[in-house]
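Sequences listed follow chains A and B, in order. So the first sequence is numbered by our numbering: it starts at 75 and just counts up by one. So the second sequence is numbered by our numbering: it starts at 75 and just counts up by one. Structure record follows, encoded as structure tokens.
Number of protein chains: 2
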Amino acid sequence: MPQQVTLKQVAAQAGVSYPTVSKVLNRKAQVSKETESRILQAAQQLGYRPNQIARNMRAQRSFMIGYSWERSHADQVNHILDQFLTSMVEEAHAAGYHVLPFIYRPGELHVNDYRDLIDTGRVDSFVLSSINYDDPRVNFLIERKFPFVAFGRSNPGLDFCYVDVDGGDGTRQAVEYLVKQGHRRIAAIAWPDDSRVGNDRLCGYFEAMQAAAIEVQPGWIQRGQGVFEFGREACLRLLHMDPSDRPTAIVTFNDTMAIGAIHAAQERNLRVGKDISIIGFDDAPMSQFLQPPLTTIRQPIRLVGRKCVEMLVSLLDESQLDERCVLLKPELIVRASA
Amino acid sequence: MPQQVTLKQVAAQAGVSYPTVSKVLNRKAQVSKETESRILQAAQQLGYRPNQIARNMRAQRSFMIGYSWERSHADQVNHILDQFLTSMVEEAHAAGYHVLPFIYRPGELHVNDYRDLIDTGRVDSFVLSSINYDDPRVNFLIERKFPFVAFGRSNPGLDFCYVDVDGGDGTRQAVEYLVKQGHRRIAAIAWPDDSRVGNDRLCGYFEAMQAAAIEVQPGWIQRGQGVFEFGREACLRLLHMDPSDRPTAIVTFNDTMAIGAIHAAQERNLRVGKDISIIGFDDAPMSQFLQPPLTTIRQPIRLVGRKCVEMLVSLLDESQLDERCVLLKPELIVRASA
């Protein structure tokens, strides 16, 4: 009986791919009875021993996709997590994988958690989210040549697989919609300039303004943290501008800031949707129940989750990747606030 | 060199518990350097071989806690998931465990997923949520004597470990608060009578009404699915009652129904918080931003997540469980709607 039969030999003998063999022998696969018996027969013919199988399987492949997310503030909720994680878990299940959540820690420290999961063989791959410029996790995983797919982009020069929502397209749609409604003085309540996602969305704003031949006035761009209070304050500042410059419409970079802006406008006795138009970003739960219901940009989060896992499984199976970069379009949801 | 050295022998030799040994040898533990070296020394003295370690470890313990949740409707979000899962992942990490999410399927089929995870050794234990009467998962796991902790209760007779929020106490607090404000005609927009959680909350309503010597009028209890539209319709029905019976205050069993009720009251030109008081349940994200901001009941979800994992780890370590049933108090968050 040969001592060093490898899974690749079993795969060759059975005429199936390496990942299929490894999944079947690890009892993780959903393949036809016929394929399964062909693999088991090949394993037996070659003298592939169960304990060796177990050892190889377990040492080489865990069929686990590591995923970590930022902890929310005490009174906030990550409204994307449910859709994103559920779709990943479902897609992973269909491919014979599991998603392994692990703790998030800010900054460089977090890289150690990734290293530890790799070194202990806990995961075969990662999905990353909350990506920003110079993300240490991205740099680390590229250097380790460890498979991962990111929900989001990082520095333009880096080559890695990602799925992202085209945020610039979202704000572009918002501005174009406002222009069509006859608005010319359109402001943006945006994120700080160290935000990759925020800069992307701001580009869309500038592009759409330029396309409409509108000169962006100083003061129309308000940048700050994406919280209710900043949205409120920024809107108050915009409403204090000289009447000839004062915006009649505002695009915001998330729903929470949009709600702050709506409150500010209502404090000034403006009818939102009539005297001033405000557009959010996210379509957070309950945005539809606000008064007025929020016009906003919805991201296809479930599709992002599915695509991330789909790309990862292709990477792991070493099959041909159709595309390494997937950019999905968000959708303008028109309600009464604009 | 002995062939069949067991982890128990290593544990005895090192003078520590079996789970501690297994965690250390599986590189999952956070123990003192001193304990670690004692265990490694004992393993060496007894001739405990790495590959045997690996095999035993992997066959016997995965240090995984399986968890599955119901998929949300397309336009809804499970706002509890973020807090619950994040707190479980953090608590599990501290104890050397991971949480393993897996797909949810409705009904009896779902039991197969639990069976499969057990039979393939993927998990050591489960956390269950969305528990109801006659829950097939609960019955199956009790029968298999497989460790689990439930977030929620099932049939009164069943003996298993659970952590739950005392929903009855929540509605009791809501009614008591309304009574103190001078309300006597208090209605409840509740869930169908096959909901374990709903019945618990309804009991709290009846108890508080009885304690205030208020006779509950027919028609004050509206039962239906916990969606916006039902909250709205139920409120309209309540507002159509004879003026002598017509409620001046409503407790609802979730925030979504409360929002429906608020919309209905506003359609009837009532000022919510003045002409009629409405209390929600959940403190969902954005409830604070509604107009008026929603008075509601907040559940200590993070604490539930931590407690579930804490109990589970005690079960798995076969250490003494201080309590098999933990009932946590929710908190009334007073805002402007009541």
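Each residue gets a CB set at the ideal place from its N, CA and C atoms; glycine is no exception. Every value quoted in this text rests on a predicted model; they were computed, and no experiment measured them.
Between residue i and chain B, is the shortest Cβ-Cβ distance under 9 Å, so that the two count as touching?
| i | result |
| --- | --- |
| LEU386(A) | no |
| LEU377(A) | no |
| GLN365(A) | yes |
| VAL408(A) | no |
| PHE302(A) | yes |
| HIS172(A) | yes |
| LEU402(A) | no |
| ALA412(A) | no |
| VAL201(A) | no |
Identify the contact partners of residue i in chain A, using a Cβ-Cβ distance below 9 Å as the criterion.
| i | result |
| --- | --- |
| GLN247(B) | Those within 9 Å of GLN247(B) in chain A number zero; the least Cβ separation is about 19 Å. |
| ASP333(B) | Correcting the residue identity first, residue 333(B) is Ile in this sequence and not Asp. Residues of chain A passing the Cβ test: MET360, PHE363. |
Tell me the DSSP bridge mates of residue i?
| i | result |
| --- | --- |
| GLN296(A) | ILE263(A) |
| ALA323(A) | ILE260(A), SER351(A) |
| VAL249(B) | Answer is none; VAL249(B) lacks a bridge partner. |
| ALA224(A) | LEU202(A), TYR236(A) |
| TYR141(A) | PRO175(A), VAL201(A) |
| THR160(A) | DSSP, once it has assigned bridges, lists no residue as partnering THR160(A). |
| LEU401(A) | ASP238(A) |
| ARG372(A) | ASP356(A), GLU405(A) |
Can the beta-carbon of residue i be found closer than 9 Å to that of residue j?
| i | j | result |
| --- | --- | --- |
| ALA308(A) | ALA335(A) | yes |
| ASP238(B) | ARG227(B) | yes |
| LEU406(A) | ILE371(A) | yes |
| ARG342(A) | LEU310(A) | yes |
| ASN186(B) | ASP208(B) | no |
| ARG275(A) | GLY298(A) | no |
| ARG398(B) | PHE280(B) | no |
| ARG320(B) | GLY278(B) | no |
| LEU155(B) | ASP156(A) | yes |
| MET360(A) | MET360(B) | yes |
| LEU389(A) | VAL223(A) | yes |
| SER393(A) | ILE352(A) | no |
| TRP294(B) | ALA261(B) | yes |
| LYS97(B) | VAL84(B) | no |
Pull up the CB-CB distance for residue i and residue j, whole angstroms please, since I reckon it's below 8 Å.
| i | j | result |
| --- | --- | --- |
| SER136(A) | GLY195(A) | 6 Å |
| VAL387(B) | TYR171(B) | 7 Å |
| SER199(B) | PRO175(B) | That belief does not hold up - the Cβ atoms of SER199(B) and PRO175(B) are roughly 14 Å apart, past 8 Å. |
| GLY354(A) | GLU165(A) | About 28 Å; that fails the 8 Å criterion. |
| THR322(B) | ARG259(B) | 5 Å |
| MET162(A) | VAL383(A) | 5 Å |
| GLY305(B) | ILE350(B) | No, GLY305(B) and ILE350(B) are not in contact; Cβ-Cβ is about 13 Å, not under 8 Å. |
| PRO225(B) | LEU202(B) | First, the residue type needs correcting, since residue 225(B) is Phe and not Pro in the sequence shown. Correct: roughly 7 Å between the Cβ atoms. |
| VAL249(B) | VAL173(B) | The pair is not a contact, with the Cβ atoms about 37 Å apart (cut-off 8 Å). |
| ILE375(A) | PHE214(A) | So it is not a contact: roughly 26 Å between Cβ atoms. |
| GLN373(B) | ASP396(B) | 22 Å between Cβ atoms; not a contact. |
| ARG145(A) | THR160(B) | 6 Å |
| ILE177(A) | SER142(A) | 7 Å |
By the criterion of Cβ-Cβ separation under 8 Å, what are the contact partners of residue i in chain A?
| i | result |
| --- | --- |
| VAL163(B) | PRO175, PHE176, ILE177 |
Please list the partners that residue i has in chain B, where partner means a Cβ-to-Cβ separation under 7 Å.
| i | result |
| --- | --- |
| ASN16(A) | The question about residue 16(A) has no answer, for chain A in this structure spans 75 to 412. |
So that I know if they touch, is there some Cβ in chain A lying closer than 9 Å to that of residue i?
| i | result |
| --- | --- |
| LEU159(B) | yes |
| TRP143(B) | yes |
| ILE263(B) | no |
| ALA339(B) | no |
| MET283(B) | no |
| ARG211(B) | no |
| ILE371(B) | no |
| ILE127(B) | The predicted model places ILE127(B) with a pLDDT of 41, which falls under 50 and marks its position as unreliable; any figure quoted below should be read in that light. It does not; no Cβ of chain A falls within 9 Å. |
| PRO180(B) | no |
| HIS167(B) | yes |
| ARG196(B) | yes |
| PRO93(B) | no |
| ASN130(B) | For ASN130(B), the pLDDT reaches just 39, beneath the cut-off of 50, and the residue's location in the model is therefore unreliable, leaving the point undetermined. |
Compute every distance between the C-beta of residue i and the non-hydrogen atoms of the ligand GDP, then say whether any falls below 8 Å.
| i | result |
| --- | --- |
| GLN157(B) | The ligand GDP is not part of the structure shown, which contains no ligands of any sort. |
At 8 Å on the CB atoms, spell out the chain B contacts of residue i, in chain order.
| i | result |
| --- | --- |
| SER146(A) | ASP156, GLN157, THR160 |
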